[in-house]
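Residue numbers (the working numbering), protein chains in the order written: chain A, 1 to 239; chain B, 1001 to 1545.
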């Protein structure tokens, strides 16, 4: 759905560019430019936004993303989003009535997806880092397996219209574990003492100290699961 | 961790199974002849004149096969610095050359000299050149490609009779530096593409260079062998053992001349120190240490020690979600062994002094030019991202390359560059399209000439540009097979940005953005340049009268 909309917008955008002999970049920054009447900046900005989101997703999908490319695209995306969102710095711009709805929808869907993607990717990078630590100190590593929700302050700027960020993040996490058979860890070994009568024979030592170990065991479980997930990720195509 | 280190090192040293590679790649073939291992240099980059190519021996591979080479080590042989060919005459000749000048008038006129590589337009992925580097004397020119191979060209001794041309470069050695690897822990393939080659200064008869891919740096020794012992008592000349009972007399083996053989062997493998992709290596002026830089970290190595490196720069944020900047290039100062610089994707350069602290996260100097408000756009950051940084030979200046320009910085002034040269300003209005097709992320390199008076960098459409810092003139030339008659003077090219296109000018819209010159190198002493297109290497010289 996104790509269809993108195609249409890009064609419009290209036609605009052919008509204009001026440097196209300048008037995106200045919404009150006289060119607004000819081509609404919201449309052009949003198509650039879509393009950037597309690039970001493409980059994230690679098995080992080019960090420089990723960082530059994300920073550009932030700039575009900052210019599209009405802030105190920018003068109020009367945008065409139809554009904001489309833009907002695009912002909302790609925004949350962006946050989720960025968060999950960067967490994955941390996890990979944690697994392959050689001479580097482990002190600076983020804790493994802590994909707790909530966007960081830096991604907050992207989160303007995203109350769904938390939910999508959780959804993304669930998706990570889909291909992992967690039946082994779902056994009563970890269950509270009250449910001990259903346990398997190995349950003995665990059952006795069940409640005390739960939290620590859960932490360990998270670590192992995320580690397993990282290992099991299929190798992507070579670059 | 140790076992993984071992495994990776073994992978690096394993015999290249040349025969099983994809058919499209032009690989050297491996022939095992009795106890000696020969790699015939049948690479596509053959000399134009069918010059007899020396064979290359993988000393290391022979050792791994459990085969002892017949030839004894030449280590104890005096250890003198044997120059194969005297080059005294060439030195005196070149002192007269005018190093400055890039434009017309009494400036240099650049002529085509040679082109290496396949002629056909169908480019094999493995043949894409990824790095070019002259050694310290300029006699050797090394290229690395996407297939992990290194090809070294050697300049022929100047023909004293025909003094109107400098020596040609012909293939000297070809070897497989890096192989594709598979990181089992991360389930990721590690590319074998050679990102950088750096030569060590020559200390004895052998040559040494560092080559690196995304993860592993290797120190290669390239040595010549032109004598072989003959007259063993227990072995025939072809290596077969003689029956001891048939030996009636004894003789002393003697060294006899043989066809020149150039051996390349990996002497050190520096692995497992980089989580991210290595973009730079730089040898320190102490010739004992070197640095390697990836996207977020810079490590310091000792050339003798492979199992340990020191992290001297780390810009990885505690929370990866806060990542906004990466390291793009790094280099040691040519004279001060405690000073190095690194550039970033935000257009800043940081100079660090290793004497200040063990971890050089805090810079001594920060070089940054304030953004020009009239040129602000969404792409400002991307085009400010520095793709290459090079110190001048003098050490007083450094040059940076961003997407549209080359800047010269005086190390004593941090707030702006002393010189700025526009490489292809006509692209500024096309940034959106270039962002769309990802060309805006291309990483161009730049280089100085030997006297630091001219700088050179590449562009699109197989154009490359030179800027004379003294005369302030610049020139655009093209690397194309159309002008491939030796000593043909290259015609300056011009791109028409807008308006009426004059004769012989090329309009911006007809530029071929797939033909990009990312890698160029300048001979350290002479006016000889090596320019790499996608899969061809062009060598140009100044016109000799």
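Yeah, the Cβ is synthetic: ideal placement off N, Cα and C, and Gly gets one too.
Asked	Found
Considering only the beta carbon of each residue, do residue 1278 (chain B) and residue 1214 (chain B) sit closer than 8 Å?	yes
Given that a residue counts as buried once 16 or more other Cβ atoms are within 10 Å of its Cβ, and exposed if not, what is residue 1318 (chain B)?	exposed
Mind pulling the chain B residues with CB within less than 7 Å of residue 64 (chain A)?	1188
Rounded to a whole number of angstroms, what is the C-alpha to C-alpha distance between residue 1167 (chain B) and residue 1523 (chain B)?	13 Å
Any beta-carbon of chain A closer than 8 Å to the one on residue 1295 (chain B)?	yes
Output needed for residue 943 (chain B): all residues of its chain with C-beta closer than 8 Å, excluding positions within five of it in sequence on either side, in chain order.	As displayed, chain B neither begins before 1001 nor continues past 1545, which places residue 943 (chain B) out of reach and without an answer.
Establish whether the CB of residue 1403 (chain B) and some CB of chain A are separated by less than 8 Å.	no
Would residue 1326 (chain B) count as contacting chain A if we go by Cβ distances under 8 Å?	yes
Could one say the Cβ of residue 1419 (chain B) lies closer than 8 Å to chain A's Cβ atoms, at least one of them?	no
For the putative contact between residue 1135 (chain B) and residue 1156 (chain B), defined by C-beta atoms under 8 Å, what is the C-beta separation to the nearest angstrom?	In fact, because the Cβ distance is near 15 Å, the residues do not count as touching under 8 Å.
Can you find the residues in the same chain that come closer than 8 Å, C-beta to C-beta, to residue 1244 (chain B), ignoring five residues on each side of it along the sequence?	1234
For residue 1393 (chain B) and residue 1131 (chain B), which I take to be in contact (beta-carbon distance under 8 Å), what is that distance rounded to the nearest angstrom?	The Cβ separation is near 20 Å, so there is no contact.
When you compare the CB positions of residue 1219 (chain B) and residue 1256 (chain B), do they come within less than 8 Å of one another, or not?	no
Name, please, each residue of chain A whose Cβ falls closer than 7 Å to the Cβ of residue 1345 (chain B).	68, 71, 72
Verify the CB distance criterion: does residue 1445 (chain B) have a CB-CB separation below 8 Å to chain A?	no
What do you get for residue 1273 (chain B), buried or exposed, if any count of 16 or more other CB atoms within 10 angstroms of its CB means buried?	buried
Entirely within the segment 1373 to 1434 of chain B and at least 3 residues each: give me those beta strand (DSSP E) ranges in chain order.	1388 to 1391, 1397 to 1401, 1405 to 1410, 1419 to 1422
Are the segment 1398 to 1415 of chain B and the segment 1378 to 1390 of chain B touching by the rule of at least three beta carbon pairs closer than 8 Å?	yes
For chain B, find out if any of its Cβ atoms is closer than 8 Å to the Cβ of residue 48 (chain A); answer yes or no.	yes
Just checking my contact of residue 1477 (chain B) with residue 1143 (chain B) at CB under 8 Å: how many whole Å lie between their CB atoms?	Contact doesn't hold; Cβ gap of about 20 Å is too wide.
Could you tell me the distance, in whole angstroms, from the CA atom of residue 1305 (chain B) to the CA atom of residue 1297 (chain B)?	19 Å
Using the rule of at least 16 other Cβ atoms within 10 Å of the residue's Cβ for burial, across every protein chain shown, is residue 1294 (chain B) buried or exposed?	buried
Based on Cα-Cα distance, which residue from B:1252, B:1458, B:1501, B:1542 lies nearest to residue 1487 (chain B)?	B:1542
For a contact meaning CB atoms closer than 8 Å, what does residue 1385 (chain B) contact in chain A?	68, 72
According to DSSP, is residue 1228 (chain B) helix, strand or coil?	strand
Taking the Cβ atom as the reference point for each residue, do residue 1465 (chain B) and residue 1531 (chain B) lie within a distance shorter than 8 Å?	no
Ordered along the chain, which non-local residues of its own chain (more than five positions away) have a Cβ less than 6 Å from that of residue 1251 (chain B)?	1231
Keeping to the same chain, check which residues put their C-beta closer than 7 Å to that of residue 1355 (chain B); ignore five residues upstream and five downstream.	1338
Measuring CB to CB, does residue 1179 (chain B) end up less than 8 Å from residue 1146 (chain B)?	no
Along the chain, where does the alpha helix (DSSP H) that runs through residue 80 (chain A) open and close?	67 to 84
So, using beta-carbon positions, are residue 971 (chain B) and residue 1314 (chain B) closer together than 8 Å?	Any answer about residue 971 (chain B) is impossible in this case: the structure gives chain B only from 1001 up to 1545.
Go through its chain and collect everything with a Cβ distance to residue 48 (chain A)'s Cβ below 7 Å, but skip five positions before and after it.	80
Sort out for me which residues DSSP pairs residue 1455 (chain B) with in a bridge.	B:1448, B:1467
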